[in-house]
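Novice:
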Amino acid sequence: MTKSPGSGSGETAALFASREGRRAFVLDEREVVRFLRTTVEQEGGQSAFARRHGVERARLNQILKGKRGVTKAVMKALGLRKIYTPE
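Every position in the sequence shown, counted from 1, becomes a number in the numbering used here once 48 is added.
Rendered as structure tokens:
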């Protein structure tokens, strides 16, 4: 396992190859929100991101503020999927 750049307090991002030969990073919820924040900024803000990906802007705002968890729609917009790993 390798540490993800900028992570602390034991957060890990394991790099692994799946059976299909793809590589994936395992991110925790905070790292997903950090990735979302960067993506939203690159796409021109919350309204632009929400329109482009068909998600509610209000819900997106709540996710970015840490008041709600990341939804399936936002995960899909980021090209991510949820998996479960042993600790």
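Beta carbons are placed, not taken as given, at the ideal position from N, Cα and C, and that holds for glycine.
Taking Cβ positions, are residue 90 and residue 109 nearer each other than 9 Å?
Specialist: No, they are not a contact pair.
Novice: According to the Cβ coordinates, are residue 87 and residue 73 closer than 9 Å?
Specialist: Cβ atoms of residue 87 and residue 73: not closer than 9 Å.
Novice: Short check: CB of residue 80 to CB of residue 112, under 9 Å?
Specialist: Not closer than 9 Å, so no.
Novice: DSSP on residue 116, reduced to helix/strand/coil?
Specialist: In the structure shown, residue 116 sits in coil (DSSP, three-state: anything other than H, G, I, E or B).
Novice: Given residue 132, which residues of its chain have a CB within under 6 Å of its CB, disregarding the five upstream and five downstream residues?
Specialist: Correct list: empty, nothing qualifies.
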